[in-house]
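For reference, each letter of the sequence shown is one residue, going 750 to 1180 in this note's numbering. Built from N, CA and C at the ideal position, the CB exists for glycine as well. A quick note: this is a predicted structure, and the numbers were derived from the prediction, not measured. For reference, the structure discussed in these notes is given below.
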Amino acid sequence: MRIVDLIIKKREGFELNDQEIEFIIQKYVSGEIKDYQMSSFLTTIMFKGMTPKEIGKFTLEMMKSGRIIDLKSIKGIKVDKHSTGGVGDKTTLVVGPIIAALDVPVAKMSGRGLGHTGGTIDKLESIPGFSVALTEQEFIDQVNKIKIAVIGQTDDLVPADKKLYALRDVTGNVSSIPLIASSIMSKKLATGSDAILLDVKCGNGAFMTNVEEARKLASQMITIGKELNRDVRVEITNMSRPMGKSIGNKNEVLEAIRTLKGQGTSDFNELCYSACITILKQAKVTNDEKEAKKMIDEVIKSGKALDKFYEFIETQGGDVQKLKAKDFWNPKYKLDVLAENDGFMEISSALSFGIAASKLGAGRITKEDNIDFEAGIEINKKTNDEVKKGDLLFTLYSSKPIDMQIANELKDSYQINKQKVENKVILDRME
Ligand code: URA
C-alpha cells in the first residue's frame, strides 16, 4: 500500500476501507508516512470529508495507536469534559475543581492550543513546576486520592492524535468535522471515563461557525460514544465572543481563580454552572437542576472548590506560592485601547481576538514555537457593557514590544452600538 494512492483514492471520492485506515494511522505514527504526505491527506479530508464508517475506524485506530488507560480501579462514575476549542476558554480549570470538590472523580486528558484557540495544558503549564506527564498509576492514584487529575498526551497516549494535532495546527487543517470528532473522541475513549461532556463551541471564534455544523459534529461524537457504551452529552455554546475577560495563559489561570472565588463574569459563570449541572446529572449525583446549582454554590461560597484547585495544582508539582504571588503574571509590555465614542460595546469577532492573542505570543505559529505565558488580552468592556468615550476597552500584553498593527487589526472586530445586542451563552444541548 502507498499513501499517495490513498490520497488520490480519497480525492476522487472513494471510501477508504478498514485496512487502508489502519495503514495510514500506523505508518504515520511509525514515521514511515512523512508530515508532508500526511498534511496532503488531511487537506483532502478537509475538502472531501469522511463517511461515518471511516470516522468510526479512524477514531478507533487513533485510540489504539497507544496505551489505553483502564480506570476500573477508580470508584464511582468517572467524568471527563472537553471543549472543541475557543478563545478565553478556561472552563476546565473551574469545572474540574468544582466537580472534584463534590466528590465526583474527574479524570481528564487535555490538549494544547490549536490554531487561534487556547489549550488547557498550556494554561496549566504557565504555572511554574506544573506537570501533565503523569504515569498511568500516578494518574489513577491521584484521582482516587484528590478526585482530579489532568494529563497531557505523552508519546504513548494516543500518539496518532498527538502528531496529527500538532501538524493540523500549523497546516490549516483544523476545522474539519471528521478530524475534530476523531481527535477528541480517540482521547476521551483512551482515558476510559464513563461519562463525557463535550462543549462544542460555535461561532466565528470556533472551528464550527454555525449551529447546523456544530450539531453535525456533536452527533458524530455522540454516535462514536454510544458505540463504546459511554454517556456522551453535548452543549453547543456561543463562541462569537471571547469567554470571560482574559485571553492568554497566565491571565486565564487568574481568571479561573477569580471565578472559583465567585467573582467570574456572567457569561463564564453561566457556562461553568451549565457544564457542572450536566456533569452532576451524568455522575448520577442529582437530576434536579436546582439542587445541583445549590451544591455548586455551596462549594464556591465555602472555598472548597478553590481549595481543590490549589490542591490539584500542588499535587501535579505546581508552585502554589508563586501562583498566589502578586507578580505571577507580570508582562513587560502593554497597550491600552480606548473607546472613541459612547454606547454599548459589542465584540463581534472572537476569532480576531484569538488571532491577536496568538500574535502577541499566547499561541503557536509553528509546531516548535514556545508560548509567551505573559502574553494575552484583558477585556475591560464586554459585550453590552456601557461605554463612554475614552473608557478603557481592552489591553494587549506581551513580553515583547507590541506592534500597533495588532491593535489596528482588531478595529473591525468590535463596535460601539446605540443599543444592546442578543448575547446567548448556551445555544443547544444534545445527548
Ligand atoms: N480539540 C481536540 O482535542 N481536537 C480537535 O481537533 C479540536 C479541538
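Please go through the same chain and pick out, in chain order, the residues whose beta-carbon is closer than 7 Å to the beta-carbon of residue i, but skip the five residues on each side of it.
i	result
P908	V778, S814, G815
F956	T833, G834, V923, S924, I929
D1140	L1087, A1088, K1130
Q1164	E1095, S1097
D784	L916
E1060	I895
Tell me whether residue i, by its Cβ, gets closer than 8 Å to a heavy atom of ligand 3.
i	result
L966	Here the bound small molecules are ligand 1; ligand 3 is not part of this structure.
Please work out which residues of its chain come closer than 6 Å, Cβ to Cβ, to residue i, disregarding the five sequence neighbours upstream and downstream, and give them in chain order.
i	result
T808	S931, M934, S935, I973
D1085	L1141, T1144
S880	Q1065, G1066
I770	K806, F807, E810
L1159	S1101, A1105
F1058	P846, L1009
With a threshold of 9 Å between beta carbons, is residue i in contact with chain D?
i	result
P801	Checking the listed chains, one finds no chain D in this structure; it contains a single protein chain.
Kindly indicate which three-state DSSP category residue i falls into: helix, strand or coil?
i	result
K1169	coil
G706	With the chain running from 750 to 1180 in the structure shown, residue 706 is simply not present.
I876	coil
G1032	The question names Gly, but residue 1032 in the sequence shown is Ala. DSSP places A1032 in coil when its eight states are reduced to three.
V981	strand
L1141	strand
G835	coil
Q775	helix
E761	coil
M799	coil
F1093	strand
Q1164	strand
K830	strand
K1081	coil
A1099	helix
A1007	Note on identity: in this sequence residue 1007 is Arg, with Ala being the wrong assignment. R1007: helix per DSSP, three-state reduction.
K813	helix
T920	helix
M1182	Residue coverage of the chain in this structure runs from 750 to 1180, which leaves residue 1182 outside it and unanswerable.
D948	strand
K1042	helix
L863	strand
M750	coil
M992	coil
L820	coil
D1016	helix
T793	helix
Can you name, in chain order, every residue of its own chain whose Cβ lies under 8 Å from the Cβ of residue i, other than the five neighbours on each side?
i	result
K824	P854, N893
V836	H865, T866, G867, G954, M988, P991, M992, I996, A1099, L1100, F1102, G1103, A1106
P927	I794, G798, M799, E803, I804, F807, Q969
A939	M812, G815, R816, I817, I818, M858, L906, V907
I1213	Limits of the chain in this structure are 750 at one end and 1180 at the other, which puts residue 1213 out of reach.
A1032	G825, I826, V828, I848, V853, A944
Which residues share a DSSP beta bridge with residue i?
i	result
Q768	In the DSSP output, where bridge partners are listed per residue, Q768 has none listed.
C1021	Looking at the DSSP assignment, C1021 forms no beta bridge with any residue, so it has no partner.
G1125	G997, Y1146
V843	Answer is none; V843 lacks a bridge partner.
E1135	F1093
R1178	E984
V855	V828, I897
L1087	L1141
M957	C951
So which residues touch the region around ligand 1, with touch meaning a C-beta under 5 Å from any heavy atom? T833, G834, G860, I929, S932, I933
List, from N- to C-terminal side, the alpha helix (DSSP H) runs of 4 residues or more that fit wholly inside the segment 877-907.
885-895
Review point. What are the start and end residues of each continuous beta strand (DSSP E) run of 3 or more residues lying completely inside the segment 1054-1079, in chain order?
Key: none
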